[in-house]
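Notes follow the structure.
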């Protein structure tokens, strides 16, 4: 597969898209450096998914250009599809097949050698080895999402799109997905992540862009974004006991270790 | 891209055939309606219907086979709808595969599933006394007509499968298709029907297809019916394919 290392992994200029009268994207611009994690933040309906669908060749833009791995999404769609993997908002896995069969299916569709070995390696890596032979319809939400991401890694595409990868997951499953994303970036894969969870962007992303009313209103590192607000002030606030403090004081120290992670 | 059309289609066909072998109930429910109708018409109404020199089960089977296909393709629409809904369709579309392999895999799966259902229905008909002296060539001709008919209706089913908003909507289009054989020569000879109904019955596709298959089974000369039947099947196939592909291209941007 031809790659063009000099080009940024993703380059978007003047992207516009309307659904009927609704102007979802009104000139979106951003770039993503190779091997970095880029988070696209926005509220529901801000157009994050529309951007991802255009970048993954599922939707045509009305105006503007978008390049992925140096290829234009409109004119070199086949090359773009060779370069990417998409994990959509809903775990796109085949419920009737087993986890292993899902992985083998994708490996064969990517025309790779040894699909069985690829599947077994990924099952191991995503802690699904024991569940590999079971039908996906018996999986929990977290397992499905892990399988979904594992399917996206097959063939080591240089660019991965994760559209709200942790929506609907419990805190534990969320941490597992975060871990997987960090490992990916560690291996040099470029990750474009959309999310509505601010802490997710904070924990994972090298750069964060906020999509609002069809435009990117800010784009920078977390530190840069924080500098947009006036510097933090030191204030003294009287600390009232919370119900939790009261509860723990009354019930005793036995329960202390149980309150870890209840703020999720 | 196109160099992988056959390979990709084969991989995806293997996937959806697994869906069928793992939900055998879809094959059973596909065959239950036509078998129930066959029982009802042969053992309840059949005695009062004049089917000429042929036994009623022999008379009835061609129409029942068409009903089998019409009820079977509802599942094609349903499976396609589930793929659209679950997001796996988009996953395939964002992968470097031959794009036409996705609908083709569903169409070929439909063909395999319907052929299995047709064999089941013919076996039940044999138990009920269906007999034919047709030779290999005549059976192959019957199979050919049924395959063309299945392909035509399957491509038709692809359209609601791609565009339906609900699972019920995806399957609902097949009801009129199941009903069509009733206003044809499938259950009763058309010459007892009142003028306008008879005119419709004699000029709609089911009658010519039923007559052609019936003539092949009873070793009668097929006459012009088979050409009318083939023209209907091919015409429907081409129109449905063109419409389905147009719908598909709209769906994939």
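Protein chains in written order, with our numbering: chain A, -13 to 250; chain B, 148 to 400. Ideal placement from N, C-alpha and C gives every residue a C-beta, glycine not left out.
With 8 Å as the threshold, decide whether the Cβ of residue 333 of chain A is near any Cβ in chain B. Absent from the model: residue 333 of chain A. The displayed extent of chain A is -13 to 250, so no value can be given.
Endpoints, the alpha helix (DSSP H) within which residue 150 of chain A is located: No alpha helix (DSSP H) contains residue 150 of chain A, which DSSP labels as neither H nor E.
Below 8 Å between beta carbons: does that hold for residue 217 of chain B and residue 324 of chain B? yes
Taking only beta-carbon positions, decide if residue 74 of chain A is within less than 8 Å of chain D. Absence of chain D from the displayed structure is noted, the protein chains being A and B.
Among residues of its own chain, excluding the 5 on either side of residue 173 of chain B, which ones have a beta-carbon nearer than 6 Å to its beta-carbon? 222
Counted within 10 angstroms of its Cβ, other Cβ atoms place residue 5 of chain A as buried (16 or more) or exposed: exposed
Leaving out five residues before and five after residue 242 of chain A in sequence, what residues of the same chain have Cβ atoms less than 6 Å from its Cβ? Residue placement at residue 242 of chain A is poorly supported in this model, since its pLDDT is 43, which falls under 50; the coordinates are not used for a value here.
In chain order, what residues of the segment 238 to 255 of chain B put their CB closer than 8 Å to some CB of chain A? 238, 239, 240, 241, 242, 243 and 244
Mind checking residue 362 of chain B: buried by the 16 CB within 10 Å criterion, or exposed? buried
Reduced DSSP category for residue 207 of chain A - H, G, I as helix; E, B as strand; rest coil: coil
Label residue 38 of chain A either buried or exposed according to how many other C-beta atoms from any shown protein chain fall within 10 Å of its C-beta, with 16 as the threshold for buried. buried
Closer than 8 Å at the beta carbon, the chain B residues around residue 68 of chain A: 243
Please state the DSSP three-state secondary structure of residue 218 of chain B. helix
Taking the beta carbon of residue 177 of chain B as the centre, do at least 16 other beta carbons fall within 10 Å, making it buried, or is it exposed? buried
Taking 8 Å as the limit between beta carbons, can you name the residues of its chain near residue 261 of chain A, skipping five residues before and five after? As shown, chain A starts at -13 and ends at 250. That puts residue 261 of chain A outside it, with no answer to give.
Check whether chain B comes within 8 Å of residue 48 of chain A, counting only Cβ atoms and requiring the distance to be less than that. no
Residue 147 of chain A versus A/43, A/227, A/156 and A/179, residue with shortest Cα-Cα distance: A/179
Sub-8 Å separation of residue -4 of chain A and residue 145 of chain A beta-carbons: yes
C-beta neighbour in chain A for residue 233 of chain B, strict 8 Å: yes
Drop a sphere of 10 angstroms on the beta-carbon of residue 221 of chain A, count the other beta-carbons inside from all chains shown, and report buried for 16 or more, exposed for fewer. exposed
Contact the segment 342 to 362 of chain B vs the segment 241 to 252 of chain B: 3+ CB pairs below 8 Å: no
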